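Accompanying notes for the structure given below.
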Amino acid sequence: MSYLPPASSVVPPAPTAPDIGPAMYESSPDCVKVLDNGGNLLSMNRNGRCAMEIDDFSPLVGLPWASLWPAEMAATVLTALAAARSGGSGRFEAFCATAKGTPKWWEVIVAPILGADGRTERILAISRDVSGARQAGEALQHSAERLELATEAADLGLWTWDPVSDQVTWDNQRTYDILGVAPSAQPVNAARFAADFLHPDDVERFGQAVAASVAGDVRFQFEGRMRDKNGALRWIELYGRPQDSDAQPRTTLVGTIADITARKLAEDKLRDADRRKDEFLAMLAHELRNPLAPIGAAAELLKLGKFDEARVRKTSEIISRQVSHMTHLVNDLLDVSRVTGGVVKLDTAPLDLRDIVADAVEQSGPLIRGRGHKLCIHLPPDAGTVLGDAKRLVQIVGNLLNNAAKYTPDGGKIDLRIAIDDERVTLSVADNGIGMEHQLACRVFDLFSQAEHTSDRTAGGLGLGLALVKSLVEMHGGSVSCASGGTGAGSTFSVSLPRLRDGREAPLAVHAPERLAGQARTLDILVVDDNVDAAAMLAMLLEASGHRMTVEHSARDALARIETARFDVCLLDIGLPEMDGNALAARLRSHPHTRNALLVAITGYGQESDRQRSQAAGFDQHMVKPVDTGRLMDVLAEVA
29 MSYLPPASSV VPPAPTAPDI GPAMYESSPD CVKVLDNGGN LLSMNRNGRC AMEIDDFSPL
89 VGLPWASLWP AEMAATVLTA LAAARSGGSG RFEAFCATAK GTPKWWEVIV APILGADGRT
149 ERILAISRDV SGARQAGEAL QHSAERLELA TEAADLGLWT WDPVSDQVTW DNQRTYDILG
209 VAPSAQPVNA ARFAADFLHP DDVERFGQAV AASVAGDVRF QFEGRMRDKN GALRWIELYG
269 RPQDSDAQPR TTLVGTIADI TARKLAEDKL RDADRRKDEF LAMLAHELRN PLAPIGAAAE
329 LLKLGKFDEA RVRKTSEIIS RQVSHMTHLV NDLLDVSRVT GGVVKLDTAP LDLRDIVADA
389 VEQSGPLIRG RGHKLCIHLP PDAGTVLGDA KRLVQIVGNL LNNAAKYTPD GGKIDLRIAI
449 DDERVTLSVA DNGIGMEHQL ACRVFDLFSQ AEHTSDRTAG GLGLGLALVK SLVEMHGGSV
509 SCASGGTGAG STFSVSLPRL RDGREAPLAV HAPERLAGQA RTLDILVVDD NVDAAAMLAM
569 LLEASGHRMT VEHSARDALA RIETARFDVC LLDIGLPEMD GNALAARLRS HPHTRNALLV
629 AITGYGQESD RQRSQAAGFD QHMVKPVDTG RLMDVLAEVA
């Protein structure tokens with residue numbers, strides 16, 4: 029409202045109509061104005077001037093009342109004045125700032141003041157300050173909008189239960205969606221809700237929760253099952269709290285409903301995974317203790333000494349066999365970690381799956397022959413060419429053959445078959461072994477699923493092989509499946525891979541040229557390992573092969589040693605104290621006495637990232653403990 033600056037003058041007495049007494053005029057809490065018949069200001073009561081923050085009203089006398097409103101309200105004000113002139117009344121609500129600029133909303137009534145002849149003599153305008161009520165309404169609306177936004181974001185339904193009328197009402201669309209009812213559905217009472225929607229086994233708990241909340245003035249909480257409109261079982265969660273009603277304090281329950289089916293399924297899966305993980309770790313401990321027992325017994329036996337050569341050889345074979353078994357377990361664990369973590373990269377080339385089968389059968393042959401199984405191989409005359417990593421494909425087929433051999437009683441039968449169509453090459457391995465139930469067949473490729481097998485299946489290992497098969501097959505763009513007729517009915521594992529159809533032939537196997545025989549020389553070898561026993565045994569083994577050995581147990585001692593000695597080969601542990609093996613390798617590579625020496629990492633760290641770090645440090649070879657002695661001997665023979 030645009031008011032003139034206040035002037036210091038005496039406010040004239042307010043003119044009054046015959047039906048407006050001075051006391052009523054001045055005592056009204058509203059802003060009361062008397063206008064002439066043309067709509068010009070004549071007077072304003074004291075409370076009005078205070079509400080409008082007018083210090084001096086005299087400059088406003090005679091001004092058109094409509095001119096004091098914002099321009100967009102002028103038409104509304106003039107319409108109300110016209111109604112009053114004709115003997116009627118006008119009403120509107122509008123915004124208008126005070127003389128000092130305070131923003132306010134007003135509810136306005138305009139009415140005629142009639143003269144003795146019944147004609148409009150003057151006009152009465154009463155304005156009530158409704159700013160507080162309007163702000164409260166806006167705040168309430170804003171709160172409602174925020175509540176609606178929050179419930180939409182949280183995917184929550186809203187409901188109200190009135191115990192007086194015993195009616196449950198649904199307060200938003202999401203509630204109808206969760207319950208699967210139309211918005212036109214009639215309200216129900218609490219008992220009808222429980223009977224119509226809840227699982228029978230949960231009805232009693234629901235009633236107890238409602239009664240406890242109302243009687244004890246506590247929050248209502250219920251989690252239970254319901255059948256949706258398609259008959260599927262779902263989980264819902266209800267929250268509520270007592271709220272005052274007009275009739276009685278804190279008897280009405282208002283609350284939310286949520287569909288928590290996905291959360292319940294996820295919780296079940298997590299519990300199942302946690303249980304299978306615990307069982308797997310227990311089985312892992314069992315599998316590792318098995319080879320440790322004969323190794324420990326063999327070590328105690330060797331300490332007694334004075335054995336003939338045959339007994340020493342037999343004891344050594346037992347130790348070697350059990351270490352190989354433990355190494356296989358550890359390698360499986362690392363392989364699963366690398367493959368599922370996406371670390372493994374495939375070295376792909378066109379390959380004939382028949383050649384892959386030949387290599388896999390060669391690897392699995394000892395186990396199959398040892399169990400007395402009959403292996404039947406059915407290969408097509410045409411090449412089943414796939415694009416793949418030869419090493420990993422052999423691993424896939426070998427794991428399937430090993431799995432069949434382990435879980436088929438001695439003297440059983442194993443069929444390996446390759447089938448080719450236009451798009452796919454399918455390899456299947458079928459056995460007449462112990463088989464499995466349908467539930468196990470559905471998740472036999474899952475990590476840790478072995479923990480659910482019976483004890484006769486766990487004797488074969490940890491079950492990591494099949495999880496590895498699934499991951500590797502999927503990396504090749506293929507799929508894997510398992511079928512079994514049940515316990516005792518055998519199992520069939522199938523691998524399907526995309527067929528390579530671009531006309532390329534699978535490359536012939538390239539064999540490494542045989543090493544030229546020659547006079548091997550004695551090597552000077554430095555072993556650095558803080559594990560005293562491991563260093564001593566490795567030195568004894570290589571010394572028995574004719575090499576001169578020096579053993580140190582720290583990087584500092586090794587650096588001191590190379591100042592006075594030269595070495596052809598340095599075998600270094602990575603996990604050394606003070607300075608690790610990678611840092612030591614870098615120092616050895618820059619020293620004149622070991623600049624050209626062969627540096628071999630002998631370590632328990634076998635991840636691809638570990639190999640990259642050792643290569644960057646200057647190592648020529650990276651071997652994982654327990655060391656493959658045959659490979660180490662080959663490397664030393666090349667140097668010699």
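All the letters of the sequence shown, read from the start, carry residue numbers 29 to 668 under our numbering.
Note that the Cβ used here is the ideal one computed from N, Cα and C, for glycine as well.
Note that the structure is a prediction, hence the values are computed from the model and not measured.
With 16 other Cβ atoms within 10 Å as the buried cut-off, status of residue i
i	result
Leu536	With a pLDDT of 36 at Leu536, under the threshold of 50, the modelled position of that residue is not reliable, and the figure given next carries that caveat. Exposed, by the Cβ-count rule.
Ser352	exposed
Ile82	buried
Gln547	Below a pLDDT of 50, predicted positions are generally treated as unreliable, and Gln547, at 46, falls in that range; the measurement from the model is reported next regardless. So Gln547 counts as exposed.
Ser37	Below a pLDDT of 50, predicted positions are generally treated as unreliable, and Ser37, at 31, falls in that range; no measurement from the model is reported.
Thr203	buried
Gln236	exposed
Met568	exposed
Val501	buried
His170	exposed
Thr631	buried
Arg150	buried
Ala338	exposed
Ser71	buried
Gly461	buried
Pro228	exposed
Lys373	exposed
Ser55	exposed
Lys419	exposed
Spatial distance of residue i from residue j (CA atoms)
i	j	result
Leu421	Ile448	17 Å
Ala534	Gly426	In this predicted model, Ala534 has a pLDDT of only 40, less than 50, meaning its place in the structure is not dependable; the value taken from the coordinates is given anyway. If you take the alpha carbons of Ala534 and Gly426, they lie about 20 Å apart.
Asn430	Val414	23 Å
Val60	Pro87	17 Å
Arg220	Gly208	15 Å
Glu173	Asp224	31 Å
Arg77	Phe85	8 Å
Ala614	Pro654	24 Å
Ala588	Ala433	54 Å
His481	Met254	Legend: pLDDT at His481 = 43, less than 50; position of this residue unreliable, no value from coordinates given.
Gly8	Asp662	Residue 8 lies beyond the range of the chain shown here (29 to 668); nothing can be said about it.
Ala562	Arg576	17 Å
Asp484	Val242	Caution is warranted here: a pLDDT of 38 is assigned to Asp484, below 50, making its placement in the model unreliable, and no coordinate value can be reported.
Met52	Arg162	27 Å
Residue closest to residue i, alpha-carbon to alpha-carbon, out of the options
i	options	result
Leu361	Ala563, Leu496 and Thr622	Leu496
Ser637	Ser519, Met80, Asn610 and Asn624	Asn610
Arg617	Asp145, Pro605 and Gln643	Gln643
Ala240	Val216, Arg269 and Ala517	Arg269
Val597	Ala388, Gly400, Arg529 and Ala668	Ala668
Arg452	Ser524, Asp608 and His621	Ser524
Ser456	Val508, Ala210 and Asp474	Val508
Cys470	Ala511, Arg113 and Gly440	Ala511
Leu309	Gly333, Leu330 and Leu357	Leu357
Gly714	Ala629, Leu320, Lys331 and Arg529	Any answer about residue 714 is impossible in this case: the structure gives the chain only from 29 up to 668.
Arg527	Asp474, Asn624 and Gly416	Gly416
Ile442	Leu492, Leu395, Glu465 and Val231	Leu395
Thr673	Ala388, Lys419, Thr355 and Thr130	Only positions 29 to 668 of the chain appear in this structure, which leaves residue 673 out of reach.
Val192	Val556, Leu281 and Lys297	Leu281
Thr148	Gly116, Ala164, Leu177 and His581	Gly116
Ser159	Asp194, Ala122 and Leu612	Ala122
Pro605	Arg623, Leu492, Asn559 and Tyr633	Asn559
Met80	Val62, Gly67, Gln649 and Asp58	Asp58
Ala321	Val340, Glu390, Arg349 and Lys297	Arg349
Min CB distance residue i to chain C below 8 Å
i	result
Ile82	Within the model displayed, chain C is absent; a lone protein chain is all it includes.
Does the stretch 337-355 come close enough to the stretch 372-380 that 3 or more CB-CB pairs lie under 8 Å? no
Counting pairs of beta carbons, one from the stretch 100-118 and one from the stretch 134-148, are three or more of them closer than 8 Å? yes
Contact between the stretch 285-294 and the stretch 261-270: three or more CB pairs below 8 Å? yes
Inspect the CB distances between the stretch 573-593 and the stretch 551-565 and report whether three or more fall short of 8 Å. yes
Identify every run of the alpha helix (DSSP H) within the stretch 568-604, keeping only runs that are complete inside it and at least 4 residues long; order them along the chain. 583-589
Contact between the stretch 94-103 and the stretch 173-189: three or more CB pairs below 8 Å? no
List, from N- to C-terminal side, the alpha helix (DSSP H) runs of 4 residues or more that fit wholly inside the stretch 183-236. 201-207 and 218-225
Let me know the beta strand (DSSP E) ranges lying completely inside the stretch 116-143, each 3 residues or longer, listed in chain order. 118-123 and 133-142
With a threshold of 8 Å, are at least 3 pairs of Cβ atoms found where one atom belongs to the stretch 509-519 and the other to the stretch 394-409? no
Complete alpha helix (DSSP H) runs within the stretch 242-311 (minimum length 4 residues, chain order): none
Segments assigned beta strand (DSSP E), at least 3 residues, entirely inside the stretch 360-434: 376-380, 402-406 and 413-417
Please list the segments of the beta strand (DSSP E) lying wholly inside the stretch 69-114, counting only runs of 3 or more residues, in order along the chain. 69-72
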